[in-house]
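The structure appears right after this line, and notes come after that.
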Amino acid sequence: MKVLFLTMVKINSFSDRGIYTDLLSKFHEEGHEVFAVCPVERREKKKTEVRKEKQGTLLQVQTLNLQKTNIVEKGFGTLAIEYQFLAAIKKHFSEVKFDVIIYSTPPITFSKVINFVKKRDSAYSYLLLKDIFPQNAIDMKMLKKNGILHRMFVKKEQKLYSISDTIGCMSEANKTFLLQHNPDIDAGKVEINPNTIEPFLFNQSLEQKQTIKSKYNLPLDKKIFVYGGNLGKPQGIDFLLDTIASNTNKAVFFLIVGSGTEYNRVEKWFQNFKPNNALLLAGLPKQDYDLLLNACDVGLIFLHKDFTIPNFPSRLLSYLEMKMPVITATDSNTDIGAIVEKNNCGYKVISGDSSAMQIAIDKVLSDEEHYNKMKENAWNLLQNDYLVARSYNLIKAKIHV
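Okay, structure coming up:
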């Protein structure tokens, strides 16, 4: 079977670890041919190129800047990308007949590419719904509701849903939201296909963890509560900073590792307030980040309180992989916190509720035996629900080749 994958996420190599590369590597392991198309942004000053690797063929298409840029360039870039991808596929994959085309949101502007491949090759189309746009932009007040842009993007969103043979949602709340707000979608083509990974077992000794903590000037006598990932408006960064400022538990030290549109504001906050219970680090290479993450003790997830869509951040999987209890500070619509609590590997609070956050922090550390049980439960949740074989099997079951 020949698999075409489209994504807005830059793939440097199939050997990189992540929810998409792990899935594509699984297809390769099962004997399928893999072709991936991803952007290489203008700031990198690289031309479109095709690269063959052991796991598959990677087509990197030159685009405008799509991430960590101003909203104007991001908007134009998002609209232009389907034309750029389509031209590149016609040029470089003209001789390849695909059996399935898999794509993720964002963006919602791949319809022309998907239509072309479906008609040309009679390919099956599978959408991995990772973001519900443009509603997320409305929630964040980045788009005017019922404005020209909003209406245009809604049409594109509906087109994408209509041409998708199956839509895989990240969670039950995701699926419910999608069907409630899009009654024209056939419920029979919507299923739960969550973020999944191929986990790596990190066997760091206590001494090795302390060496890593010392390398980054982290205290050895405190529990490290880590937030790792994007620092942008959707994460509701204000509550993360409020949590650091208002924390009263002396056994806690906060670590923020990441990058994004709000990084400079976070950095300025650190410079002004000089907190003695927290450290800010710019984004690290994946390998270094994983080693640092494994030396931490509790994972933190933050989402903006104004979201009406049920986001499900993939960073949860990184925390579960490291056998860490998790505290989620989110809006009331996502079910990520409910899943964490149901599986007894952490606690949920509503973003902005400082007292509830403090209670959750104290509860995580209240009992060492309970803490260790939550660590074990975190790993079990990953094994039971978020292994890449689950996503692979769901997609493979749809294609009769």
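Letter by letter, the sequence shown follows residues 1 to 401 of our numbering. Where is the CB? At the ideal position from N, CA and C, for every residue including glycine.
Expected contact under 8 Å - CB spacing of residue i and residue j to nearest Å
i	j	result
F133	F153	7 Å
P325	C345	6 Å
I197	D22	5 Å
M322	N294	5 Å
S391	N174	Contact doesn't hold; Cβ gap of about 14 Å is too wide.
F225	F254	5 Å
Q60	T48	7 Å
E36	F5	A quick correction: the sequence has Ala, not Glu, at residue 36. Contact flag correct, Cβ pair sits at about 5 Å.
K222	A251	6 Å
S351	D331	6 Å
K28	Q55	The residue asked about is misnamed: residue 28 is His in this sequence, not Lys. Right, the Cβ-Cβ distance comes to about 4 Å (below 8 Å), so this counts as a contact.
L300	I327	6 Å
P199	L382	6 Å
I81	P39	7 Å
Y126	T166	5 Å
V388	K156	Their Cβ separation, rounded to whole angstroms, is 29 Å, which puts V388 and K156 out of contact at 8 Å.
Coarse secondary structure for residue i, derived from DSSP in three states
i	result
K119	helix
K52	strand
N377	helix
L201	coil
A251	coil
Y227	strand
S318	helix
A282	strand
I256	strand
Y188	The sequence shown places Gly at residue 188, rather than the Tyr named in the question. Helix.
K213	helix
I301	strand
K268	helix
K91	helix
K233	helix
Residue i burial status per 10 Å Cβ neighbour count (16 or more: buried)
i	result
F110	buried
P234	buried
A282	exposed
L206	exposed
G147	exposed
F177	buried
R315	buried
H400	exposed
A360	buried
S104	buried
N136	buried
Y386	buried
K209	buried
Y83	exposed
H181	exposed
D367	exposed
T248	exposed
N311	buried
L280	buried
K52	exposed
G337	buried
E95	exposed
N302	The question names Asn, yet the displayed sequence has Phe at residue 302. With 16 or more other Cβ atoms within 10 Å, it is buried.
Beta-carbon proximity check, residue i vs residue j, cutoff 8 Å
i	j	result
Y319	A278	no
I114	V3	no
K118	I163	yes
Y216	I185	no
G168	L129	yes
K159	G236	no
N276	T308	no
T458	G232	In the structure as shown, the chain begins at 1 and stops at 401. Residue 458 is therefore absent and cannot be evaluated.
M1	V72	no
L58	I11	yes
K398	Y227	no
I339	N195	no
P107	M8	yes
L241	V266	yes
K46	Q62	yes
H150	K141	no
A329	F239	yes
beta-carbon residue i near the ligand MG non-hydrogen atom, thresh 7 Å
i	result
M374	For the structure depicted, the ligand MG is absent and the ligand set is empty, with no information on it obtainable.
Which full runs of the alpha helix (DSSP H) of 4+ residues lie inside the segment 97 to 184, going along the chain? 111 to 121, 135 to 139, 148 to 163, 172 to 181
Could you tell me which whole beta strand (DSSP E) segments of length 3 or greater appear in the segment 5 to 84? 33 to 41, 49 to 53, 56 to 63
To test your reading of the DSSP string, which unbroken alpha helix (DSSP H) runs of 4 or more residues are found completely within the segment 328 to 400? Restricted to the segment 328 to 400, the alpha helix (DSSP H) segments that are unbroken, complete and at least 4 residues in length are 336 to 342, 354 to 364, 368 to 385, 388 to 396, listed in chain order.
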